[in-house]
Amino acid sequence: MFQSFSVSPILSLKLAFAVAFAVSFSVSCCAAPPSPRAVAADLLAVLAGPGAAARVPPAAESARLRACLRFLSPVLPLPAAAAISEGRAARKVLVERGGADEADGMVMWPPAPVMELARLAVDSGGDPGAIHRALDPTMLPVPDVQRAKRNKCQLTRTPYGRRFANKDINSYLAFLFELIAARGPSVGLNVSLSRYDFFHGHLFLASGTGRLGILFHAKEYPAFDKELFPYSLGFCQAGSNVVYDDSMNLRNILWLAPLPSNETKAWLSPGVLVVLDAHPDGIIYQDMIRDYVRDVRTIYEDDFGEVSVDVNYLNVANSAPANRVFIC
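For the sequence shown, the residue numbers in mature numbering (1 follows the signal peptide of the UniProt record, and there is no 0) are -31 to -1, 1 to 297.
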C-alpha cells in the first residue's frame, strides 16, 4: 500500500512556476518564424499608410520594418484628397525630365495612364491578365546588349518582348529605372544600367489588395571572385565588373503605384519608391530572405502577390529610353 504524502505550498508554487517557465520557453524557442509572404504583407501594409491598411502589423514589427526602409521618394502624410489635388498639377510629360520636385511628384502621383493601370489592377481583383491585356500585341526581338549573345547569355525569360499599348506607361517605366540609378547613391546604392547590374524588375499585383507594384533587382551578376563571391552564375556572369560588397544589402528596390479605393474613386495612398535594406541584423534579411539565397540577398517577387510580367530596361545605345523597355 502506498503512503499518501502532501506537497508544501511553497514547493508547489515553485514547481508550478518551473513548469510554466519551461512551457513558455519551449513555445517561444520552437515557434516557427513568420513566412516571407506574411512579412511582405506586413511591409505592404506599412507602406499603405494608416488610413489604407486593412492589416496593421504590431508596433514592434512595424518599427523593425521601417528601420529597413531607405526611401528614394518623399513620404508625405497628406490626406488623400489634398495629395491628389497637388498630384494632378505635377503630372507633366515625362520627356521634359523636370527637376527633383517634379520627379517626386511623378513617383507619388504618376501620369494618368499609370494611374488608370493601377486602378485596373485593383478593380480586377488582382488579376495578372488585366496587365497582359494592356500590352501591345507586337512581338519585339530582344536586342543584343553588351555582347550578351556572344557569351551565350539570355537575359530575359523569352527571346522576344512587348511594350504597353500606351506609350506613356513605357516612358514611366524607363523613368523609374533612371531615377533609381540617379538617386540610389543617396542611400548607398550605386548601380549602373547594364546587363550585369540593374536591368530588370518584376511587376506584381499585391495579395489581398491588388495594388500594382514592381520589385526591382540590382547587382544581378556579381563578378566571380575566389574570396568575395566564389559562385558561378552561368553565361551571363562572364565579363561582369559588379563588385560583391555590402551594397548587395540594397539590391531589392520596391515601387508601389498609388493605391485606389475599391469602393470609391478616391485614392488611399500615394506611390512610393524605396530600397529594402537586407542587412543581416534586420527583419528583411532574417524573415524575408530564404537561407539558400542569403549570400545574394534576393527577395522573391511572388511573396508580394501575383506576378504578371517582367520589366526589362536594356540599355541599347542611341535608343530612346522608352524603347529600352521590354516586357516579358
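Beta carbons are placed, not taken as given, at the ideal position from N, Cα and C, and that holds for glycine.
In this text the structure is predicted, and so the values were computed from the model without any measurement.
Quiz item: Hey, Ala87 and Leu148: beta-carbon distance below 8 Å or not?
Solution: With contacts defined by Cβ atoms closer than 8 Å, Ala87 and Leu148 do not form a contacting pair.
In terms of alpha-carbon separation, which member of Arg259, Leu41 and Ser163 lies closest to Asn284? When only C-alpha atoms are compared, the closest one is Ser163.
Handout entry: Cα-Cα separation, Arg60 to Pro5
Key = Because Arg60 sits at a pLDDT of 37, beneath the cut-off of 50, its placement in the model cannot be relied upon, and the point is left open.
- request: Just tell me which of Ser288, Thr267, Pro3 and Gly94 has its CA closest to the CA of residue 299.
  value: Nothing about residue 299 can be read from this structure; the chain reaches only from -31 to 297.
I need the DSSP call for Glu196, collapsed to helix, strand or coil.
For Glu196, the secondary structure class from DSSP, reduced to helix, strand or coil, is coil.
For Leu41, which residues in the same chain have their Cβ closer than 6 Å to its Cβ, ignoring the five residues on either side in sequence?
Hits under 6 Å: Arg152 and Leu242.
Check your understanding: Which parts of the stretch 147 to 221 are runs of the beta strand (DSSP E), unbroken and 3 residues or longer, counting only runs that do not cross its ends?
Key -> Entirely contained in the stretch 147 to 221, the beta strand (DSSP E) runs reaching 3 residues are, in chain order, 169 to 175 and 181 to 186.
Using three-state DSSP, classify Pro110 as helix, strand or coil. DSSP, reduced to helix, strand and coil, places Pro110 within a strand of the structure shown.
What does DSSP give as the partner residues of Glu275 in its beta bridges?
According to DSSP, residue pairing for Glu275 in a beta bridge involves Leu174.
Which of helix, strand or coil does DSSP assign to Tyr269? Coil.
Exercise. Within its chain, find whatever has a CB closer than 8 Å to the CB of Ser216; leave out the 5 residues flanking it on each side and keep chain order.
Key: Excluding positions up to five away in sequence, the list reads Gly157, Leu158, Asn159 and Lys188.
ask   = What's the gap between the Cα of Pro227 and the Cα of Leu172?
value = Their backbone Cα atoms lie some 14 Å apart in a straight line.
Q: Please report how far the alpha carbon of Pro110 lies from the alpha carbon of Ala32, in whole angstroms.
A: Going from the Cα of Pro110 to the Cα of Ala32 covers about 45 Å.
Same chain, Cβ closer than 8 Å to Asp105, neighbours up to 5 away in sequence not counted: If we look at Asp105 and ignore the five residues flanking it on each side, its Cβ neighbours are Arg131, Arg132, Phe133 and Ala134.
Item to check | Closest by C-alpha distance to Pro80, when choosing among Arg266, Cys205, Ile296 and Pro239 | outcome: Looking at the Cα atoms, Pro239 is the closest of the given residues.
query = Would Pro191 be called buried (16 or more neighbouring beta carbons within 10 Å of its own) or exposed?
reply = Pro191 is classed as buried because its beta carbon has at least 16 other beta carbons within 10 Å across all chains shown.
Q. Does the beta-carbon distance from Leu184 to Ile268 come in below 8 Å?
A. In this structure, Ile268 lies closer than 8 Å to Leu184 by Cβ.
**Study point:** Own chain residues within Cβ distance below 8 Å of Asp279, not counting five before or after
**Key:** Within the same chain, Asp279 has close Cβ partners Thr125, Arg126, His169, Gly170, His171, Leu172, Ile296 and Cys297.
Residues near Val(-9) by beta carbon distance below 8 Å, same chain, minus five either side = Note that Val(-9) scores 37 on pLDDT, short of 50, meaning its location in the model is unreliable and no value can be drawn from it.
Would you decide whether Tyr282 is buried or exposed? Buried here means 16 or more other CB atoms lie within 10 Å of its CB. Buried.
Problem - Proximity below 8 Å, CB of Ala17 to CB of Leu237 - result: Taking 8 Å as the Cβ cut-off, Ala17 and Leu237 qualify as a contacting pair.
*Quick one: measure Cβ to Cβ for Asp256 and Pro3, integer angstroms, because I've assumed they're closer than 8 Å.*
Indeed, because the Cβ distance is near 5 Å, the residues count as touching under 8 Å.
- Query: How many Å lie between Ser230 and Glu30 at the Cα?
  - Reply: Going from the Cα of Ser230 to the Cα of Glu30 covers about 25 Å.
*asked:* Rounding to the nearest angstrom, what Cα-Cα distance links Ala103 and Val276 in this structure?
replied: Ala103 and Val276: Cα-Cα distance of roughly 15 Å.
Q. Glu232 to Glu270, Cα distance in whole Å?
A. Each residue's CA atom was taken as its position, placing Glu232 and Glu270 some 27 Å apart.
Assigned secondary structure, Val280 (DSSP; H/G/I helix, E/B strand, else coil)
In the structure shown, Val280 sits in a strand (DSSP, three-state: E or B).
Check: With a Cβ-Cβ cutoff of 8 Å, do Pro27 and Ala14 count as a contact?
Finding: No, the Cβ-Cβ distance between Pro27 and Ala14 is not below 8 Å.
* To do: Whole angstroms is fine: what's the gap from Ala51's alpha carbon to Phe144's?
  => With a pLDDT of only 40 at Ala51, under 50, the local geometry of the prediction cannot be trusted, and the value read off the model is given with reservation. In this model, Ala51 and Phe144 are separated by some 25 Å (Cα to Cα).
What distance in whole Å lies between the Cβ atoms of Cys205 and Ala117, which are believed to be in contact at a cut-off of 8 Å? About 7 Å separates the CB atoms of Ala117 and Cys205; that is less than 8 Å, so the two are in contact.
Item to check | Nearest-angstrom beta carbon gap, Asp250 and Arg39 [assumed within contact, 8 Å] | outcome: Not quite, the Cβ-Cβ distance comes to about 15 Å (not below 8 Å), so this is no contact.
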